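Residue numbering for the sequence shown follows full-length UniProt numbering, beginning at 1 and increasing consecutively. The C-beta atom is built at its ideal place from N, Cα and C for all residues, glycine as well. Note that the structure is predicted; figures quoted are calculated from it, not measured.
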Amino acid sequence: MKAGPKAAVDATALPFRPRSTVESERFLAFADKFLRVPKGTGAKGKLNLRDWQVDVAEDVLDSGARTVGIMFPRGQGKTTLNAAIALYRFFTGGEGANVVVVAVDERQAGLAFNAARRMVELNEDLSSRCQVFKDKLVIPTTDSVFSCLPASPAALEGLDYVLALVDEAGVVNRDVFEVVQLAQGKREKSVLVAIGTPGPNLDDQVLLSLRDYHRDNPDDRTLLFREFSAAGFEHHPVDCTHCWELANPALDDFLHRDALVALLPPKTREATFRRARLCQLATDTEGSFLPEGVWADLSTGAAIPLGSDVIVSLDGSFSDDTTALLLATVDEAPHLDVLGVWERPAGDDSYRVPIAEVEDRIRRACKDYKVLEIVADPFRWTRTLQVLEAERLPVVEFPHSPSRLTAATTDLYSACVNGNLSHSGDERLAAHIAAAVVAEDARGYRLAKRSRSRTAKKIDLAACAVMAHSRATWRATNKPRRRTVAVGRY
């Protein structure tokens with residue numbers, strides 16, 4: 001996109017004169033004439049809306065409801081459908097036809113916006129009448145704006161829209177949703193669409209609250225709710241074809257069946273699969289990190305030979321928790337073994353982790369093995385890392401950012417269930433892995449303890465395993481290239 005002011009747009013009316021006065025039928029005509037698939041299966045081809053997508057459009061455009069809730073499993077093309085309905089309202093809504101997209105964060109909101117932007121770019125009639133910016137579309141002739149907004153209640157005050165899309169309503173902040181909802185009333189016709197997949201927190205989420213209200217108040221026509229789910233069939237096996245087809249209207253169309261097969265447990269946890277792919281509200285959303293028996297099957301009973309290329313992983317605390325050191329061989333299928341564990345004795349509130357002892361254990365490991373990296377989250381252990389680095393030991397920081405932890409945790413899980421990892425059989429490591437659960441929120445996945453109690457079972461060696469596996473496999477697949485010196489002839 002070029003910098004600077006945008007060129008003037010075509011001020012003539014859009015060549016669109018549908019005969020029907022029914023909004024959903026006008027929308028279908030608009031989509032047929034102007035819209036193309038922005039990405040994925042059928043990209044750049046004509047947007048052919050399915051019957052179930054038309055049903056959703058009728059709820060949004062014809063019902064007269066002020067709020068419409070839509071619950072889908074993942075993979076149903078909601079981003080494209082959102083963008084199509086939004087563009088129809090944006091281009092045909094008259095003066096000041098503002099459309100806003102809000103989600104759990106700006107990146108997520110940007111998905112629907114980017115789909116809409118791409119649809120505009122793929123059609124000359126639309127692109128010639130619209131100015132395209134990084135985070136908004138503008139039609140100067142009607143002073144209409146299609147914008148992607150930050151998920152901050154303060155930033156959303158004062159909205160005035162004909163259509164608001166709240167994406168990922170299963171995880172969006174309730175304060176954000178209510179600010180958008182309370183902005184209605186300034187227009188004779190304005191609709192708020194809350195769409196998404198159920199989130200991991202079943203106790204308090206916008207999407208399920210709308211579902212519950214609609215179920216309890218079916219006569220309230222100001223709110224409609226439509227769901228595509230296999231709810232009520234939780235007793236069926238997770239690979240039940242009937243449930244898959246009931247919950248996934250796009251199955252065998254632009255949602256490929258083999259992709260669901262590839263995600264079946266134990267590759268993903270059953271509760272997570274049921275929630276994300278079937279919209280079944282399984283209660284075990286923070287179950288054990290690994291399926292039963294998987295970790296035990298990975299044991300070889302063998303220690304790591306002295307002199308091996310290894311990663312040393314440190315997860316430590318100051319007093320209350322456990323401090324742990326773990327070894328991992330540098331390999332595409334690493335072998336793990338415990339290097340050391342320091343834990344506060346029961347009832348000893350004066351206990352402090354012997355930091356000097358931990359540092360000496362790392363130094364000794366550097367003599368016993370070829371240590372390529374000493375990896376740790378620098379939080380609370382910055383001094384130790386600085387000391388070791390000053391001794392010219394290979395320190396690498398592993399900050400526990402959401403994106404990094406999500407990727408590393410997912411990789412470790414995949415390696416375990418696919419047999420691309422082994423371990424020595426150390427009982428302490430097995431206990432920490434067994435105590436770990438996967439916590440999921442809007443920022444991603446991470447390992448966590450089952451409770452915050454001081455007596456909760458420890459998971460520090462499991463945290464070490466996440467870091468050690470990530471760095472060991474990276475080292476194994478990104479070996480430094482040897483420099484070659486060209487020798488010329490004289």
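In this structure, D297 lies away from L264, with their beta-carbon atoms at least 9 angstroms apart. Nearest C-alpha to K33 among Q53, E124, R117: E124. The beta-carbon distance between L149 and V100, rounded to whole angstroms, is 6 angstroms. This is short enough to meet the 8 angstroms contact definition. Pairing L28 with L14 gives a Cβ-Cβ distance that is not under 9 angstroms.
With distances taken between CA atoms, H242 lies nearest to L278 out of L278, R363, F254, T222. Contact check for A324 against W342 passes: the beta carbons are separated by less than 9 angstroms. Counting along the chain, F34 sits inside the alpha helix (DSSP H) bounded by residues 23-34.
The segment 68-81 makes contact with the segment 205-218, as at least three CB pairs between them are under 8 angstroms.
Uninterrupted alpha helix (DSSP H) stretches at least 4 residues long and entirely within the UniProt domain "Terminase large subunit-like ATPase" (71-205) occur at 78-92, 106-121, 124-127, 153-156, 174-182, given in chain order. Along the length of the segment 336-405, whole beta strand (DSSP E) runs at least 3 residues long occupy 370-376, 395-397, reported in chain order.
The beta carbon of R118 is closer than 6 angstroms to those of P38 in its chain, skipping five residues each way along the sequence. With 16 or more other Cβ atoms from the protein chains shown falling within 10 Å of its own Cβ, A430 counts as buried. Note that the C-beta distance between L421 and L447 is not below 9 angstroms. Taken through DSSP and simplified to helix, strand or coil, I433 comes out as helix.
The C-alpha of H432 lies about 46 angstroms from the C-alpha of E157.
For D297, the enclosing alpha helix (DSSP H) stretches over residues 294-297. Per the DSSP secondary-structure output, E270 pairs with nothing in a beta bridge.
Distances from the alpha-carbon of F90 to those of L327, L111, L202, T141 put T141 closest.
Taking a cut-off of 8 angstroms on C-beta distances, the segment 154-174 touches the segment 98-113, as three or more cross pairs fall below it. Inter-segment contact for the segment 457-468 and the segment 302-316 is present: three or more beta-carbon pairs are separated by less than 8 angstroms.
Sequence-distant Cβ neighbours of A250 in its own chain, meaning closer than 7 angstroms and more than five residues away, are G75, Q76, G77. Around the beta carbon of P305, fewer than 16 other beta carbons sit within 10 angstroms, so the residue counts as exposed.
R174 and Q205 have their C-alpha atoms spaced approximately 7 angstroms apart.
Listed in chain order, the non-local C-beta contacts of A183 below 6 angstroms within the same chain comprise L159, local neighbours out to five positions each way being set aside. If the five residues before and after S20 are omitted, its C-beta is found closer than 8 angstroms to the C-beta atoms of R26, A29, all from its own chain and listed in chain order. Comparing alpha-carbon positions, the option among V9, A57, A84 lying closest to R36 turns out to be A84. Excluding residues up to 5 positions away in sequence, L251 lie with their Cβ nearer than 7 angstroms to the Cβ of E245 in the same chain. Every beta strand (DSSP E) of 3 residues or more that sits fully in the segment 205-239 is shown, in chain order, as 223-227. With a threshold of 16 other beta carbon atoms within 10 Å, S470 meets it and is buried. When DSSP states are grouped into helix, strand and coil, R446 belongs to the strand group. Under the 10 Å beta carbon count, P73 is surrounded by 16 or more other beta carbons and is classified as buried. For the pair A435 and L224, the CB atoms are not nearer than the 9 angstroms cut-off.
The continuous alpha helix (DSSP H) containing S470 extends over residues 460-477. In this structure, DSSP gives S313 an extended state, which the three-state scheme calls strand.
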